[in-house]
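Peer 1: One structure, pasted below without further comment.
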RNA sequence: GGGCACGUAGCUCAGUGGGAGAGCGCUCGCUUCACACGCGAGAGGUCGGUGGUUCGAAACCACCCGUGCCCACCA
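In this note's numbering, the protein residues as written are 857 to 1770.
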């Protein structure tokens, strides 16, 4: 690579990893490489593919995208490196309501409106809008480092995709699953469209519950006591009292209902009430739905404006009187007095009118759930409308079975039951939307006769009468097209090579809020139309909340922009942070975790920089390499083949530890355990590689005259160190791709990208338990001696004369001496045997005896020793207690008992030594 | 009304049957020739409560208290 030596050169002066400088350069190399675009070959079972949850085309990257992008990219990069043909399917969603609302808002600012422009011009404007803003989020994904296949970006409204949508609609219509019906729907006055049940959110609100008296028609049909005056408030007499929080809907009442088993009112059934203000005659009916214990147990029935009442109405064949229109205002049927008023105005007016007539017999403050549109935020107005529906039961059954049988695995699995319960109770889906932006239904009406054509390409004229056809105005719910995402993006309904190579996909990663809205429907549609599940796993990731636990939202001012965070800390840091935060439940955004990621990137950068600069200066190692006349600027890997060539105990130790982190990280990624994958990496780099291994080998990396050992020793160390660094950098790449790619360009002589390099695998032959035990022992000892030094105020740099009075330090005495700043006197590392000790420091397997008290505050030593003794005695007492307990010795597993015995022996030895 | 989670150090969270952990914050010390976005050492916890299972419980079970989320057509 032409710029590599330049960058090698300035490695010396770059004491920090600078994401802002590195990231654009690395991202450009990735995109040029073509690594993210796999040729469609082979079978999906052997390949690895992920379909991105398509972001809204005009949206921008929020924290949820950033988290999910990081998760998917870890998976995709990992499997790509693991050698699978890997495709991350990219695209955006046309997002009907959201996009249309955005453009409408812009039009209003221009002083015009969609109605003024007309449908054709409006749709053209939305496409224009999409051209302008549609690439933002894709560019933002690039900044995150997401390794999507950018060369084959899809859009849910592009031509091929539309063909798939039409094919599915036509098929389902012909199979009788799609039908048209006049039904009560969730009318969203904000988007001026029906929406589905799943797009409704309930909010708790405080309203007034009014009790209203309706008179019974005098003397009619009843055997009850009707002799009294109609205005009597006696419930059993000439009136009923209903309760409502929506008095304005009474104008549409067509019945009064009581529970059939309610003794109090049985005699009223069959009689007639008179609707106040209107005068309509309302039959008193009996229906199981009514709850006798609520209010008076008498219910007004408004079939046109309440879903429950709608059902009652269908059961009893009641009239439907629509008093509220799609514009959210009272209709003509509400009567002259109220027509044209908004719902809220009408409520006040109706209450005032009723009050005037003395019909309000009670008012109380009442808290209840009120439906709101999740899309527009406006209150839902249930009303009857002619819409298109999809019957779901027949689709849901196989989709439920797929999850029950494990062909689709939901991770974490506590969502499984929620999914199955929902599938079991599934209801028809209202799929038509009164919007202009979306897939227009492939339904054509004859203007002359009633004939209806549903087809991908309609006939010129009506097949029944030859009349002219006009297409349905409505478009499909956006989720209808999203439901086809995993296969429509790959060219379905054609049998394309893409489809063969990448469908079914491996995993779908998403937040749980769209489990029903989207995931369930993809499974249904995938099974119905491809005969296969669309993905083997569903991974449900955390929702990131604001640091204070509230929802992250723009309107609350609690949102944190991931791009700001990337600018501040780097993409690696943000990715690491989000992955480290994520868990099986919702989590608060943790700025600390992002900073931890930034620290890790910087640490890895500096560790590699240090190692490379030192290796380059090792006498003999780089000499005579014609490719690199100036070794300090050279890429040392061209002279030294990275390989595990352990010469010292610390080499055996780090190689062994490396194998463990290699195996753990791979397993964690495959188990979707991202936080432990990320944090495990951090621990390895900090607590093993940098804090100990690099510190221990520093003398062996001395350059020039201070150089140690033979040329072979130095070469072996260089090879080992390069092997460890290369493995670590490759291992970490899926989590922190930028810094690792940058370092790879210095660690690898070929100029190849790390993103396309093989993922390192654990080599069990390098696992070395003995080395681990020995090295962990000396680490513990170093830490204890350092603690002692601190407590006796030993000057930081000063050597303290000492002797190791403990076994098991034969290979590590020099390490202990140097890192704990001990002067062990003789070359054997054991220290002066005859000199009396002035202080004892407890270490594993014995003590370190201090031989000189100069300038030390030994009183602290005594305190420390006493504390160590107390701790040891405490532990011994605990273990002894356990072992003297007959139940433990008899019932605990043998190896546990054996372990406790061994521990006791060791602890007693240490006590003795102290 | 039904369901699913959660409660561990000041904060945010790991830890699922055998000696209480991490990051940040805090205290003390270090311009140690990779990194001061650094290094070293420390202080800090009756693991929400009660009861049970077990030789042994932060972990398993029951109940209670507290918090969050999802589903649900009781006006």
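Glycine included, C-beta positions come from ideal geometry on N, C-alpha and C.
As the structure is a computational prediction, the values presented were derived from the model and not from experiment.
Skipping 5 residues on each side, what residues in its chain have a beta carbon closer than 7 Å to that of residue 891?
Peer 2: Closer than 7 Å at Cβ, skipping near neighbours: 1609, 1611 and 1612.
Peer 1: What does a CB cutoff of less than 7 Å around residue 857 pick up in its chain, not counting 5 residues either side in sequence?
Peer 2: Note that residue 857 has pLDDT 34, beneath the 50 cutoff, so the model's placement of it is unreliable and the number below is only indicative. For residue 857, where only same-chain residues beyond five positions count, the Cβ hits under 7 Å are 1601 and 1607.
Peer 1: Let me confirm a value: residue 915 is counted as buried when at least 16 other C-beta atoms fall within 10 Å, else exposed. Which label applies?
Peer 2: So residue 915 ends up on the buried side.
Peer 1: Jot down the residue ranges of each uninterrupted alpha helix (DSSP H) in the region 1264-1333, minimum 4 residues, whole runs only, in chain order.
Peer 2: Listed in chain order, they are 1270-1280.
Peer 1: Looking only at its own chain, which residues have a Cβ that is under 6 Å from the Cβ of residue 1436, when we skip the five neighbours before and after it?
Peer 2: Cβ within range, chain order: 1449, 1531, 1534 and 1535.
Peer 1: Is it buried or exposed for residue 1743, if we count other Cβ within 10 angstroms and need 16 for buried?
Peer 2: Exposed, by the Cβ-count rule.
Peer 1: Answer with buried or exposed for residue 1766, where buried requires no fewer than 16 other C-beta atoms within 10 angstroms of its C-beta.
Peer 2: It counts as buried.
Peer 1: Taking only runs that begin and end inside the region 1682-1729, name each unbroken beta strand (DSSP E) of 3 or more residues, in chain order.
Peer 2: Whole beta strand (DSSP E) segments, 3+ residues: 1695-1699 and 1702-1706.
Peer 1: Jot down the residue ranges of each uninterrupted alpha helix (DSSP H) in the region 993-1039, minimum 4 residues, whole runs only, in chain order.
Peer 2: Listed in chain order, they are 1015-1030.
Peer 1: Please give the ranges of any alpha helix (DSSP H) in the region 1366-1409, keeping only runs that are unbroken, at least 4 residues long and fully inside the region.
Peer 2: With a minimum length of 4 residues, the continuous alpha helix (DSSP H) runs that stay inside the region 1366-1409 are 1377-1386.
Peer 1: Please name the residue in 1458, 1657, 1350 and 1520 whose C-alpha comes closest to that of residue 1023.
Peer 2: With distances taken between Cα atoms, residue 1023 lies closest to 1350.
Peer 1: At the level of alpha carbons, what is the spacing between residue 1167 and residue 1101?
Peer 2: When rounded, the distance between both Cα atoms is 19 Å.
Peer 1: Please report the Cβ distance between residue 1172 and residue 1105, rounded to the nearest whole angstrom; I am assuming they are in contact, meaning their Cβ atoms lie under 8 Å.
Peer 2: At roughly 18 Å, the Cβ-Cβ gap does not stay under 8 Å, so residue 1172 and residue 1105 are not in contact.
Peer 1: Determine the extent of the alpha helix (DSSP H) in which residue 1137 is found, giving its start and end residues.
Peer 2: Premise fails: residue 1137 lies in the beta strand (DSSP E), 1137-1142, not in any alpha helix (DSSP H).
Peer 1: So what does DSSP say about residue 1186, is it helix, strand or coil?
Peer 2: Correct three-state label for residue 1186: strand.
Peer 1: Assess, as a yes-or-no matter, whether the region 1193-1209 is touched by the region 1109-1126 under the definition of 3 or more beta carbon pairs within less than 8 Å.
Peer 2: They do not touch, by the three-pair rule.
Peer 1: On the three-pair Cβ rule with 8 Å, is the region 1391-1398 touching the region 1261-1279?
Peer 2: Yes, they touch.
Peer 1: Pick helix, strand or coil for residue 1218, following the three-state DSSP scheme.
Peer 2: Strand at residue 1218.
Peer 1: Within 10 angstroms of its Cβ, does residue 903 collect 16 or more other Cβ (buried), or is it exposed?
Peer 2: Counting Cβ neighbours within 10 Å, residue 903 comes out buried, since at least 16 surround it.
Peer 1: I'd like the list of long-range same chain contacts for residue 1027, defined as Cβ closer than 8 Å, with 5 residues on each side in sequence excluded.
Peer 2: Cβ within range, chain order: 1385.
Peer 1: Using only CA atoms, which one of 912, 1413, 1248 and 1360 lies nearest to residue 1390?
Peer 2: That would be 1360, whose Cα lies nearest to the Cα of residue 1390.
Peer 1: Rounded to the nearest angstrom, what separates residue 1764 and residue 1446 at their Cα positions?
Peer 2: Between residue 1764 and residue 1446, the C-alpha separation is close to 45 Å.
Peer 1: How far does the beta strand (DSSP E) with residue 937 in it reach, from first residue to last?
Peer 2: Note, residue 937: premise wrong, no beta strand (DSSP E); alpha helix (DSSP H) at 919-937.
Peer 1: Grouping DSSP H, G and I as helix and E and B as strand, with all else coil, what is residue 1559?
Peer 2: Reduced to three states, the DSSP call for residue 1559 is coil.
Peer 1: In this structure, what does DSSP give as the bridge partners for residue 950?
Peer 2: Looking at the DSSP assignment, residue 950 forms no beta bridge with any residue, so it has no partner.
Peer 1: Taking the beta carbon of residue 1132 as the centre, do at least 16 other beta carbons fall within 10 Å, making it buried, or is it exposed?
Peer 2: Buried, by the Cβ-count rule.
Peer 1: Ordered along the chain, which non-local residues of its own chain (more than five positions away) have a Cβ less than 7 Å from that of residue 803?
Peer 2: The first residue shown for the chain is 857 and the last is 1770, placing residue 803 beyond what the model contains.
Peer 1: Could you tell me whether the Cβ atoms of residue 1248 and residue 1298 are closer together than 8 Å?
Peer 2: Going by C-beta atoms, residue 1248 is not nearer than 8 Å to residue 1298.
Peer 1: Alpha helix (DSSP H) containing residue 1200: first to last residue?
Peer 2: Its alpha helix (DSSP H) spans residues 1199-1212.
Peer 1: Is it right to say residue 1200 is buried, meaning 16 or more other beta carbons lie within 10 angstroms of its own, or is it exposed?
Peer 2: Residue 1200 is exposed by the Cβ-count criterion.
Peer 1: Is it buried or exposed for residue 1365, if we count other Cβ within 10 angstroms and need 16 for buried?
Peer 2: So residue 1365 ends up on the buried side.
Peer 1: So the alpha helix (DSSP H) residue 1520 belongs to, where does it begin and stop?
Peer 2: Taken as a continuous stretch (DSSP letters only), the alpha helix (DSSP H) holding residue 1520 covers 1505-1526.
Peer 1: Since I believe residue 1344 is in contact with residue 1020 (beta carbons under 8 Å), could you give me their beta-carbon distance rounded to a whole number of angstroms?
Peer 2: The Cβ separation is near 4 Å, so the contact holds.
Peer 1: Mind listing, in chain order, the continuous beta strand (DSSP E) runs of no fewer than 3 residues lying wholly within the region 1593-1668?
Peer 2: Listed in chain order, they are 1656-1662.
Peer 1: Just list the residues that DSSP pairs residue 943 with in beta bridges.
Peer 2: Partner(s): 905.
Peer 1: Do residue 1546 and residue 1463 have their C-beta atoms closer together than 8 Å?
Peer 2: Yes.
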